[in-house]
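Asker: Same order as they appear, the protein sequences are chains G and P.
All residue numbers for the first sequence refer to my numbering, where the first residue is 121 and numbers rise by one.
All residue numbers for the second sequence refer to my numbering, where the first residue is 8 and numbers rise by one.
Every residue gets a Cβ at the ideal spot worked out from N, C-alpha and C, and that includes glycine.
These numbers were taken from a predicted model, which means no experiment stands behind them.
There's a structure below that I have some questions on.
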Amino acid sequence: MDVEFKVRRFDGEKSYWQTFNIPVKKGMTVLEGLYYIKENLDGSLAFRASCRMAICGSCAVKINGKPRLACETQILEIGSRLEIEPLDNFKVIKDLITDFEGFFKKHEAVKPYLIRKDDNYEEPVELIQTPRELYTYYDFSLCVKCGACYSVCPAAATRDDYLGPAAITAAYRFNADSRDEGEKIRLALVCGDNGVWRCHFAAECSEVCPKQINPAKAVQKMRFKSAIEMIKSIFG
Amino acid sequence: MIMNLLRWFSVKGKSLFSMAFSLHRLTGVVLTIYLCMHLAYLTSIRMGKEVFESFIATTVTPQFLVFDILLVLAGVYHGVNGLRLIFHEFGLAYENRKSILYVSVAIVLVVWLIASYKMYMFVMGV
Numbered sequence: 121m122d123v124e125f126k127v128r129r130f131d132g133e134k135s136y137w138q139t140f141n142i143p144v145k146k147g148m149t150v151l152e153g154l155y156y157i158k159e160n161l162d163g164s165l166a167f168r169a170s171c172r173m174a175i176c177g178s179c180a181v182k183i184n185g186k187p188r189l190a191c192e193t194q195i196l197e198i199g200s201r202l203e204i205e206p207l208d209n210f211k212v213i214k215d216l217i218t219d220f221e222g223f224f225k226k227h228e229a230v231k232p233y234l235i236r237k238d239d240n241y242e243e244p245v246e247l248i249q250t251p252r253e254l255y256t257y258y259d260f261s262l263c264v265k266c267g268a269c270y271s272v273c274p275a276a277a278t279r280d281d282y283l284g285p286a287a288i289t290a291a292y293r294f295n296a297d298s299r300d301e302g303e304k305i306r307l308a309l310v311c312g313d314n315g316v317w318r319c320h321f322a323a324e325c326s327e328v329c330p331k332q333i334n335p336a337k338a339v340q341k342m343r344f345k346s347a348i349e350m351i352k353s354i355f356g
Numbered sequence: 008m009i010m011n012l013l014r015w016f017s018v019k020g021k022s023l024f025s026m027a028f029s030l031h032r033l034t035g036v037v038l039t040i041y042l043c044m045h046l047a048y049l050t051s052i053r054m055g056k057e058v059f060e061s062f063i064a065t066t067v068t069p070q071f072l073v074f075d076i077l078l079v080l081a082g083v084y085h086g087v088n089g090l091r092l093i094f095h096e097f098g099l100a101y102e103n104r105k106s107i108l109y110v111s112v113a114i115v116l117v118v119w120l121i122a123s124y125k126m127y128m129f130v131m132g133v
């Protein structure tokens, strides 16, 4: 069966659509379709991919208007006509490749690692955690930084400096970790004008997350904690 | 910037939540414009009772009823959807967000229909 791939291309100056017809077998993924185009029809097609098993988050693209991981999306589940575009809210570098530098900088800005007062790399100590403590943040630790949530966020569409759902979710994941002692540091980072208060709760981030992480929930929880901290700070 | 603003209203590939968000923005703009017009109408009372009453007479008419009914829809939607958002922003019932969205739309429709009926009865003098 032949399927039409309509790909949004960008050569550095102009953006245009190009259509390819590719033979599809049952089980074939969109990423395999893109590789077929690159190997057989047009070697200049640029896209990003790595693990091919939905754990690296590199291949997120917009497929028929919705961001998905190309490596885990089966062509025949979508239909016989696919429109493939780069993610929104990111600067396009070439074809389906977008610039993630700002996205990763925002992620880095929220200190997505354990902060502890007793860090001792010479004599590391095992940090004990109960299963219940693990499950408070476990879901949020599954983020693959694919940028799907950021690409559909209406707040990120109009504010370049907005941290975005992925970064705030990372902050929440570490704040909810019983081994972490950096909650106040991260709350100070995300409670500003470019942080949790910029979210409009469109909740689309949770709808498109390929790992079903619910970034919008993490943002609301961080917002609630920020509000409590701000009220506490008023009363000393 | 304009293109980015238009993304607020893009619905292709989006879920019901994005549509709820787009409508919330749209009704917010409509209500802001209405508020300005409403204040301008109220200010006309400074020009005399007759001027004010002539303004009111032009709007409380069967011809204007359709706009009033749409305005009520915008107001009720914006209010009910706003309460839904506040509810979730407190971190509550997040997992039931889809059901809550359906319930809030149902509330909007019921309140809007009742209000429209009452307005129709009032304007038509029934």
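When the cut-off is 8 Å and only beta carbons count, does Glu-96 (chain P) lie next to chain G?
Answerer: yes
Asker: When the cut-off is 8 Å and only beta carbons count, does Gln-138 (chain G) lie next to chain P?
Answerer: no
Asker: Contact check, Ala-290 (chain G) vs Val-230 (chain G) under 8 Å by CB: the rounded distance?
Answerer: 6 Å
Asker: Chain P beta carbons: is any one of them nearer than 8 Å to that of Phe-321 (chain G)?
Answerer: yes
Asker: For Cys-319 (chain G), count neighbouring C-beta atoms within 10 Å of its own C-beta (all shown protein chains included) and say buried if the count is 16 or more, exposed if not.
Answerer: buried
Asker: Quick one: does Glu-349 (chain G) have its CB under 8 Å from some CB of chain P?
Answerer: no
Asker: Work out the CA separation of Val-87 (chain P) and Arg-53 (chain P) for me, nearest whole Å.
Answerer: Whole-angstrom Cα-Cα distance: 35 Å.
Asker: When you compare only the Cα positions, how much space is there between Phe-321 (chain G) and Met-26 (chain P)?
Answerer: So the alpha carbons of these two residues sit roughly 12 Å apart.
Asker: Looking at the unbroken alpha helix (DSSP H) that takes in Ser-111 (chain P), where does it start and where does it end?
Answerer: 104-131
Asker: So that I know if they touch, is there some Cβ in chain C lying closer than 8 Å to that of Arg-252 (chain G)?
Answerer: The chain inventory of the structure shown lacks chain C, comprising the protein chains G and P.
Asker: Step through the CB atoms of chain G and report whether any lies within less than 8 Å of the CB of Ser-111 (chain P).
Answerer: no
Asker: Given this structure, state the Cα-to-Cα distance separating Gly-177 (chain G) from Ala-113 (chain P), to the nearest angstrom.
Answerer: 38 Å
Asker: Cβ of Tyr-48 (chain P) less than 8 Å from any chain G Cβ?
Answerer: no
Asker: Buried or exposed for Lys-335 (chain G), going by 16 or more other Cβ atoms inside 10 Å?
Answerer: Residue identity check: residue 335 (chain G) is Pro in the sequence provided, not Lys. When all chains shown are included, Pro-335 (chain G) counts as buried.
Asker: Please go through the same chain and pick out, in chain order, the residues whose beta-carbon is closer than 6 Å to the beta-carbon of Phe-62 (chain P), but skip the five residues on each side of it.
Answerer: Excluding positions up to five away in sequence, the list reads Tyr-48 and Ser-51.
Asker: According to DSSP, simplified to helix, strand and coil, what is Glu-246 (chain G)?
Answerer: coil
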